[in-house]
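Counted from 1, the sequence shown has number 100 at position 46 by the numbering used here; the numbering is strictly sequential. Even glycine gets a Cβ: it sits at the ideal position worked out from N, Cα and C. All remarks here apply to the structure that follows.
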Amino acid sequence: MGNIPTFVAIDLETTGLDFEKDEIIEVALVRFENGVPVEDVDYLVKPTTASLRPFIENLTGIYKSDLENAESFAGVAGKIYSFIGDYPIVAHNAAFDSKFLTQTFAKVGISFENHMVWDSLTVSRIAFQNVPNHRLDTLVQELNIPRSRAHRALPDADACGRLFVMSLEKIQGEDRWLYNALSKVAVNSNWSAIWPVSGESGNEFSYKLPEVPLEEVPVKNHVPRVGEFFQEGGILAKNMAGYQPRSNQQDLAAVVERNMHKGGLCVIEAPTGSGKSLAYLVAAANKAASGERVVISTATRALQEQLWNRDIPQLSCLYNGKLKASVLKGRENYLCLRKFEAILASPENMLLPEERDSFMAIIPWVYTTTTGDVNECSSFSQGRNRVLWSKMASSAKSCLGEKCPNYGRCPALAAKRRAMNSNLLLVNHSLFLADMSLDFALLPLYEHIVFDEAHRLPEISNQSLCRTVSFFGLRNVIKTMVPSRTKKDGLVVEIEAGIPAECTEAHEVCANLVESLGELEKALHRFFMKIGKKLTKQKNKNGFSYSSSMMAEYDADPAGFMDQYAKVQKLVEKLSAMASRVNESVSGLVHDLNGRMTEIERFVSDFEFLTKGAREDWIFFMEEPFNPHTIKLHAYPLNFGTIWKEKFYPWIKSATFTSATLAVQGDLTYFVERMGLNVQDPKRAPFLRVYNESSTKDARQSVMVAKYLPKPSAPEYNEALNDTLCQFLPEVEENAMVLFTSVSAMMKAQAALAPLFAQKGKLLLCQHVDGALDGLIAMFRKERGACLLGCQSLWEGVDFPGDALKLLVIPKLPFPNPMDPLVAGISAKMKSDGKNSFKDYYVPEAYMELRQGLGRLIRSEEDSGKVLILDNRVVLEHYGKSFMRIWNMKQKVADSIEDIKSFVKS
């Protein structure tokens with residue numbers, strides 16, 4: 055590619071993200087010639103029906119008064135269209151801007167459907183692989199792109215155009231092999247104008263993935279006791295800057311050390327900021343260095359990265375090479391080079407049009423990664439590209455083993471060997487549970503394990519052990535084999551292309567397989583349709599739970615789907631045998647096909663289990679059953695602890711469970727029972743310990759409970775709640791967060807509060823309303839006097855240090871939803887066992903969830919703030935004292951709104 059082509063950079067400001075309801079309020083255009091901006095225009099646009107929300111005013115700095123004298127879009131459409139002319143447009147996340155502009159043009163009779171669009175997001179992902187993320191704000195800062203202000207159309211359009219030019223110039227400076235790879239993928243797309251196919255070859259490239267040989271099993275070494283690390287003037291004090299001995303930390307480390315030495319089960323609660331990570335890590339590192347492998351399992355990526363990038367490197371130097379640590383993730387996180395090469399060799403067959411940009415963004419990473427772990431690639435989102443990543447991900451069922459040309463540098467094999475060479479292994483809870491469900495076939499043998507963030511184990515156990523099927527669960531697998539009905543492409547077509555024309559029978563099998571896969575999808579659709587029709591007639595008398603078979607309860611016969619699956623299975627077996635026989639070069643693709651069939655087999659196994667039902671120890675239910683595209687069938691074990699008790703505890707030498715929130719009123723019994731730790735053998739009874747909160751916490755945290763409001767079950771509660779919030783929240787001068795237990799209650803509060811915050815010129819942010827959660831959190835941390843309304847994911851795992859959060863409001867105690875089928879199933883089982891489900895399940899669950907929520911406010915010794923609880927059951931109901939013990943019964947009681955106002959201002 056030579057000079058940068060002329061283009062028009064564009065940025066829109068809109069009233070929101072809804073293409074149907076929202077409207078454009080500003081359009082900015084900047085024309086670039088030879089990589090330099092030469093002319094720009096900027097138009098404010100008066101919306102016709104959409105209203106300008108306070109959040110948008112705050113974000114953009116555009117207010118209703120600014121738009122009163124602006125022209126409507128119809129008045130400026132011709133000028134915008136004329137300025138763009140025939141030049142390609144460039145936008146950041148162009149799918150949004152181009153769709154919004156195209157639809158708005160269409161409303162005034164201008165066709166913009168086939169205009170050429172390039173995305174600066176795509177080229178920046180290709181060019182700049184080592185940035186935290188590829189938001190325009192981040193890239194402007196990281197690359198020092200000049201911009202007068204953010205979230206106004208003209209500065210953003212100019213920055214977008216400059217970023218586009220910088221990205222193209224960076225790509226031009228790379229070796230020719232990258233250009234050639236991009237040009238292959240770009241064929242028959244808008245990108246072919248940027249990267250046309252060229253006959254010029256580049257230098258030979260080689261992957262940066264190292265070969266990892268197996269090493270000798272770690273030998274036993276003598277190491278100091280943990281007390282020597284944590285004592286005054288000890289090993290840590292001498293080698294770790296700023297280390298201060300803490301008695302609880304030293305005791306915790308000794309408990310873990312003793313548990314590993316004697317062997318057994320151990321449950322420890324230690325508050326946030328107590329140094330528990332370092333405590334168990336020293337004990338684990340000591341045991342590992344002495345010759346026994348230790349696994350540390352976490353719930354979150356953030357904690358795993360903290361351990362791997364900060365804590366373990368600090369400790370490793372103390373062991374003189376005796377500590378060998380590694381991280382292992384699920385195999386699906388690692389790249390399969392053979393699959394990647396197959397896609398790059400035939401992108402038109404193997405990629406859907408909407409996958410093209412994401413595949414181009416991952417190409418530079420593939421050639422530079424030393425691990426093949428997709429989580430390290432900031433240019434590619436595994437979550438947003440699940441189907442595409444599944445085409446490139448390593449899989450045991452599609453692996454060629456030693457026959458693979460990339461066997462020596464296989465990322466998944468290298469990760470497994472690193473794990474086998476290590477004596478300290480980091481995993482996450484999901485991988486551990488996957489290993490347990492496969493009878494411990496994934497992880498190398500180990501003697502000890504520490505579960506940090508153990509409070510998440512019940513939830514993740516349910517998620518990992520449950521069985522679920524949905525229409526798109528099958529369709530997404532089939533899409534990799536036969537992506538589209540309108541043209542011949544996909545894995546089956548690629549296999550067929552490698553079969554000689556004279557092998558007519560094999561070609562016929564391919565055609566029949568394509569047809570049969572389509573019929574399999576239709577058979578599932580018909581089955582789900584039958585359920586929806588039956589439920590409509592039944593008028594949903596029993597909710598969406600079921601206990602007998604689908605045939606018995608809904609007259610939905612799974613036989614049609616199962617018969618069609620059998621046909622597909624036979625055709626795949628026949629094609630696999632024939633294709634490999636006639637052309638060895640397609641054997642890799644055939645393995646991929648068999649790998650996909652393994653996924654379908656797993657789906658069918660779950661489908662059979664779910665449609666048969668009739669398991670007393672499982673709860674079966676449906677989600678969104680009236681639409682065959684959205685229906686999901688679920689089955690959850692009622693007591694996952696039994697699985698832990700049968701499969702895990704009998705053989706593990708030692709297991710330690712720790713978290714800041716495991717106890718209910720200082721008692722660990724609830725967690726012990728849920729996790730199946732109440733083993734019969736007294737020699738294996740778990741050791742339990744709860745460490746107290748900091749003695750200064752009560753002084754740093756003030757709690758008030760509103761007594762005067764209606765009970766949350768009363769019809770008038772929501773109105774009274776919103777009236778209360780409106781009377782004091784807009785006046786709060788520090789950052790406040792309100793944690794709701796339901797989305798609908800949060801949305802009603804947002805609607806009531808928004809105009810009041812707008813009048814004050816203050817920032818109100820709301821989850822599910824004002825954009826992505828990580829963006830809201832970042833904006834909230836920067837502001838002062840702002841209010842964040844949240845639910846679900848904001849109850850835990852998010853930190854707001856210092857002044858970022860000073861007031862936490864809890865409208866309702868976070869009891870489990872009794873309408874949730876799993877909750878209802880557990881309650882019914884407890885009732886049949888003669889237990890009180892409210893006392894023994896609802897209260898403990900709410901207690902632990904409330905502790906998690908309160909943990910957003912006080913995370914360290916430096917944090918302080920106020921908690922306001924607007925649920926009077928805390929002070930009126932007998933069980934309220936259970937919750938009061940969280941703050942040592944030291945609460946104030948509000949008898950009026952004036953009490954609340956005085957509390958938040960004090």
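- Beta-carbon to beta-carbon, residue 297 and residue 290 are separated by about 5 Å, close enough to satisfy the 8 Å threshold.
- In chain order, 107, 108 and 818 place their CB closer than 7 Å to the CB of residue 808, counting only its own chain and leaving out the 5 sequence neighbours on each side.
- Residue environment for residue 424: exposed (fewer than 16 other C-beta atoms within 10 angstroms of its C-beta).
- The three-state reading of DSSP puts residue 672 in strand, counting E and B together.
- Annotation: residue 172 is outside any alpha helix (DSSP H); the continuous beta strand (DSSP E) that includes it extends over 171-173.
- The Cβ atoms of residue 733 and residue 699 lie closer than 8 Å to each other.
- Residue 243 and residue 135 have their C-alpha atoms spaced approximately 23 Å apart.
- In the three-state scheme derived from DSSP, where H, G and I count as helix and E and B as strand, residue 103 is classed as coil.
- Counting the other CB atoms within 10 Å of its CB gives residue 755 a total of 16 or more, which places it among the buried residues.
- Considering only 354, 794, 835 and 161, the residue with the shortest C-alpha distance to residue 907 is 794.
- Residue 688 has 522 and 675 as its beta-bridge partners, per DSSP.
- For residue 634, the uninterrupted alpha helix (DSSP H) run begins and ends at 613-636, by DSSP.
- Contact between the stretch 57-71 and the stretch 769-781 is absent, with fewer than three C-beta pairs closer than 8 Å.
- Residue 626 places its beta carbon 8 Å or farther from that of residue 901.
- One alpha carbon belongs to residue 919, the other to residue 831, and they sit about 18 Å apart.
- Assignment of residue 743 by DSSP, reduced to helix, strand and coil, places it in the strand class.
- Residue burial is scored here from C-beta neighbours: residue 649 has at least 16 other C-beta atoms within 10 angstroms and is therefore classed as buried.
- Closest in C-alpha terms to residue 196, from the list 180, 177, 217 and 211, comes 217.
- For residue 791, the enclosing beta strand (DSSP E) starts and ends at 790-794.
- Between residue 701 and residue 490 the beta-carbon gap is near 6 Å, inside 8 Å, which marks them as a contact.
- Residue burial is scored here from C-beta neighbours: residue 828 has fewer than 16 other C-beta atoms within 10 angstroms and is therefore classed as exposed.
- The stretch 577-585 and the stretch 675-682 touch, with no fewer than 3 CB-CB distances between them shorter than 8 Å.
- In the DSSP assignment, residue 228 falls outside any alpha helix (DSSP H), carrying neither H nor E.
- The stretch 830-863 contains, as complete beta strand (DSSP E) runs of 3+ residues, the segments 841-845 (chain order).
- Judged by their CB atoms, residue 694 and residue 321 are not nearer to each other than the 8 Å cut-off.
- When DSSP states are grouped into helix, strand and coil, residue 380 belongs to the strand group.
- Taking the Cα of residue 806 as reference, the smallest distance to any Cα among 933, 784, 826 and 791 is reached at 784.
- A contact between stretches requires three or more CB pairs, one per stretch, nearer than 8 Å, and the stretch 80-89 fails this requirement with the stretch 160-173.
- By the criterion of at least three beta-carbon pairs nearer than 8 Å, the stretch 394-412 is in contact with the stretch 231-250.
- DSSP places residue 713 inside the beta strand (DSSP E), whose first and last residues are 708-713.
- For residue 913, no alpha helix (DSSP H) encloses it, and the DSSP letter there is neither H nor E.
- Straight-line measurement puts the Cα of residue 631 at about 34 Å from the Cα of residue 267.
- Residue burial annotation: residue 198 is exposed, with fewer than 16 other C-beta atoms found within 10 angstroms of its C-beta.
- For the stretch 272-359, the continuous alpha helix (DSSP H) assignments of 4+ residues that do not extend past its boundaries occur at 280-284, 289-293, 301-316 and 330-343, in sequence order.
- The C-alpha of residue 576 lies about 45 Å from the C-alpha of residue 191.
- Membership of residue 652 in any beta strand (DSSP E) is not indicated; the residue belongs instead to the alpha helix (DSSP H) covering 641-666.
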